[in-house]
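For the sequence shown, the numbering used here begins at 8 and goes up steadily by one. Presented below is the structure to which this report refers.
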Amino acid sequence: MVTMLLLFDNVKPFEKLFFARIDRDLPYLKTFELFNELKQQERTTVTINNIEFARLSTLILFDIHMDYAEQFLTRSHLSCLIELPINKDPLLTIIAQNQQQARDNCSKVENLQTSETYCDSVDVV
Numbered sequence: 008m009v010t011m012l013l014l015f016d017n018v019k020p021f022e023k024l025f026f027a028r029i030d031r032d033l034p035y036l037k038t039f040e041l042f043n044e045l046k047q048q049e050r051t052t053v054t055i056n057n058i059e060f061a062r063l064s065t066l067i068l069f070d071i072h073m074d075y076a077e078q079f080l081t082r083s084h085l086s087c088l089i090e091l092p093i094n095k096d097p098l099l100t101i102i103a104q105n106q107q108q109a110r111d112n113c114s115k116v117e118n119l120q121t122s123e124t125y126c127d128s129v130d131v132v
C-alpha cells in the first residue's frame, strides 16, 4: 500500500488526468510531494470533476508552477490536509483569489510552511 509519493519532472508537465489516476490508483496516499516548474498544457482542455484525495494529510508544493497550486488547492478536495509546505508566491496568489474550495481545503491545516519567512517587527502593547 503506497502512502507517500514524490513526483519530479523538469521535462514534461504533469497534467490533470495524471493526478486523477493517482487519486484513483493510490487511495491510501497520505503524503504527496511535487516538483515541477513547467506550466500545465492541458489545463483548460481536459474536463474532470474535482479530484478527491481522501486521506492526503501532507501536500508539499515547493518548486512548482502556479498551475499545480491552483490544481490542488482550488480544484481538488483535500478534506484531511493538515500540513502544507508551499512556495510563498503561489499561496499569496490563491489567497488573493478568495476561492471557497481553497478555504475549505486549508481550513484544517495545522502546519503551514512557506519558502520564505516573513518577519515584521510588531510592538505589543
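Backbone N, C-alpha and C define an ideal beta-carbon position, used for all residues, glycine too.
- The secondary-structure analysis by DSSP pairs I71 across a beta bridge with N43.
- Cβ neighbours of L14 within its own chain (closer than 6 Å, five residues either side excluded): L41.
- Selection M73, L33 and D32 evaluated against P20 yields M73 as nearest (Cα-Cα).
- Going by C-alpha positions, L99 is about 17 Å away from L66.
- Contact annotation: T10 and K46 have beta-carbon atoms that are not nearer than 8 Å.
- In the three-state DSSP reduction, E59 falls in the strand class (E or B).
- When rounded, the separation of the alpha-carbon atoms in Q48 and I71 is 14 Å.
- Excluding sequence positions up to five before and after N94, its CB lies within less than 8 Å of the CB of L68, F69, D70, I71, A76, T121 and S122, all in the same chain and listed in chain order.
- For E90, the three-state secondary structure derived from DSSP is strand.
- With contacts defined as CB atoms closer than 8 Å, S64 and L33 fail to qualify as a contacting pair.
- Ranking N17, V18 and F39 by CA distance to the CA of F26 puts F39 first.
- Residue N57 holds the alpha-carbon nearest to the alpha-carbon of R28 among L91, N43, N57 and V18.
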